[in-house]
Amino acid sequence: MFRSDLLRDKVIVITGGGTGLGRAIGERYLELGAKLAIASRRKDVLQTAAQEMTQNGGEVFYHPCDVRDPSQVTELFDAIYAHYGKVDILVNNAAGNFISPTERLSSRAVDSVLNIVLHGTFYMTLELGKRWIEEKKSGTMLNIVTTYAASGAGSGFVVPSAAAKAGVLTLTRSLAVEWAKYGIRQVAIAPGMFPTEGAWSRLVPSEEMGERLLNRVPLHRAGNKSELANLAAFLVSDEAAYINGEVVTIDGGEWLQGAGEFNELADLTNEDWDQLSAKMRSK
Ligand SMILES: CCCCCCCCC/C=C/C(=O)SCCNC(=O)CCNC(=O)[C@H](O)C(C)(C)COP(=O)(O)OP(=O)(O)OC[C@H]1O[C@@H](n2cnc3c(N)ncnc32)[C@H](O)[C@@H]1OP(=O)(O)O
Ligand SMILES: NC(=O)C1=CN([C@@H]2O[C@H](COP(=O)(O)OP(=O)(O)OC[C@H]3O[C@@H](n4cnc5c(N)ncnc54)[C@H](OP(=O)(O)O)[C@@H]3O)[C@@H](O)[C@H]2O)C=CC1
């Protein structure tokens, strides 16, 4: 689909790059010639991922970092600059989320999600943005949000995540304008349902409910990680140089299904429609 040198020699930092969607994005970037730096809290996860991802060549530098702690974020970029000498692209992918009635949340539970998603993304963006501006270097930042942020609707039962991801989307759009003069581009992706261990173990209450929610997707399936990774490759590449401040939803049409008042009528069969139509025309 892409030229094999689309991202050649680009140094790309991915938070949460050792698992799930972050890892899938990283694997695609490596195939396209990028050099990676992955960061998250668990060193063993990063180490195993880096080993596995480079089995067919390529370079993955890893460094443990809790994005909630600005001093660890500074140390992370110091380590990446010491290793590669530069950064070209940042993917803010790390997140925390779980389902709960909002009234059952403690303030610490709220903080744990807001601090990872909103503060962590902001700290990463700020630390690297300052360096790029100082170096007079252009670059691209990709933020992974959610459909409930992109739609503006939010969502019950994941309210800290909904509030934090909406904040990240506003950060994306605000800096797209403010930092354009420095050649710093901002883009976002809003994924729908992409089965990963991290998300499913915290967000899917039962297999039966998971099936029900998947059936709500007009395309009647979950997304493939490779579909998301290809979009993430295009958006950070120079081929997308004129896309700035946009969020691209990739969800099989799921959010639109919930938005259109009559979309539930998709459940009616042809026979149902024959009967209904005859009945309504006779009125
Ligand atoms: C259907 C189809 C879908 C389809 C799926 C569609 C996708 C929807 C969009 C998905 C978006 C995503 O982000 S999916 C990404 C999912 N991945 C992750 O979340 C990975 C990282 N997550 C984590 O590490 C943890 O889950 C998280 C709690 C956020 C942070 O861990 P920490 O170790 O920092 O925090 P802890 O000390 O364990 O907990 C902090 C406080 O939070 C409380 N807490 C923790 N879990 C809690 C819970 N389940 N309910 C209430 N409260 C909880 C604890 O009791 C603590 O409060 P006190 O008791 O008061 O001290
Ligand atoms: N899967 C899906 O269907 C959807 C996912 N998304 C988004 O996609 C992204 C990836 O999610 P997914 O792959 O599913 O889930 P994962 O749980 O696999 O990914 C979350 C990653 O974030 C890292 N992380 C969490 N907290 C911190 C922290 N404080 N500091 C640094 N890293 C941290 C985790 O690593 P560690 O524990 O080692 O720190 C982990 O690698 C997230 O932004 C999520 O919101 C959006 C919509 C749908």
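Numbering (the working numbering), first residue to last: 4 to 286. Don't be surprised by glycine CBs; every beta carbon is placed ideally from N, CA and C. Just so you know, these numbers come straight off a predicted model, no measurement behind them.
Quick check on residue i: buried or exposed, where buried means 16 or more other Cβ atoms within 10 Å of its Cβ?
| i | result |
| --- | --- |
| THR22 | buried |
| GLN189 | buried |
| MET56 | buried |
| ILE41 | buried |
| THR124 | buried |
| HIS66 | buried |
| PRO163 | buried |
| TRP276 | exposed |
| PHE80 | buried |
| LYS13 | buried |
| ASN59 | exposed |
| ASN218 | exposed |
| ARG31 | buried |
Among the options, which has the Cα closest to the Cα of residue i?
| i | options | result |
| --- | --- | --- |
| PHE160 | LEU217, THR18, VAL207 and LEU121 | VAL207 |
| ILE17 | LEU279, LEU271 and ALA235 | ALA235 |
| LEU222 | ARG107, GLY256 and GLY61 | GLY256 |
| ASP69 | LYS46, ILE83, LEU259 and GLU34 | LYS46 |
| ILE15 | ASN59, VAL48, GLY88 and GLN50 | GLY88 |
| VAL171 | VAL250, LYS139 and LEU238 | VAL250 |
| THR150 | THR272, GLN260, ASP12 and LEU271 | GLN260 |
| VAL43 | LYS13, LEU35, GLU78 and GLY263 | In the sequence on display, residue 43 carries Ser and not Val. Minimum Cα distance to SER43 is reached at GLU78. |
| LEU145 | ALA112, ILE28, LEU268 and ARG107 | ILE28 |
| ALA153 | THR175, LYS133, SER285 and GLY25 | THR175 |
Between residue i and ligand 1, is there a pair consisting of the residue's CB and a ligand heavy atom that are separated by less than 8 Å?
| i | result |
| --- | --- |
| ASN100 | yes |
| GLY20 | no |
| ALA202 | yes |
| VAL48 | no |
| THR51 | no |
| MET144 | no |
Can you round the beta-carbon distance between residue i and residue j to whole angstroms, since I take them to be within the 8 Å contact cut?
| i | j | result |
| --- | --- | --- |
| GLU230 | ILE246 | Wrong, their Cβ atoms sit about 18 Å apart, outside the cutoff. |
| MET288 | ASN100 | Lying outside 4 to 286, the shown extent of the chain, residue 288 is not represented and no answer is given. |
| GLY142 | ASP72 | Going by Cβ atoms, the distance from GLY142 to ASP72 rounds to 23 Å, so no, they are not a contact pair. |
| ALA165 | GLY157 | 4 Å |
| ILE192 | ILE136 | Between ILE136 and ILE192 the Cβ distance is about 25 Å, and since that is not below 8 Å, they are no contact. |
Closer than 8 Å to a non-hydrogen atom of ligand 2 - does that hold for the CB of residue i?
| i | result |
| --- | --- |
| VAL190 | no |
| SER164 | yes |
| SER74 | no |
| ARG219 | no |
| ARG71 | yes |
| THR77 | no |
>> For a minimum of 4 consecutive residues, which ranges assigned as the alpha helix (DSSP H) are wholly contained in the stretch 22-63?
In response: 23-34 and 46-56
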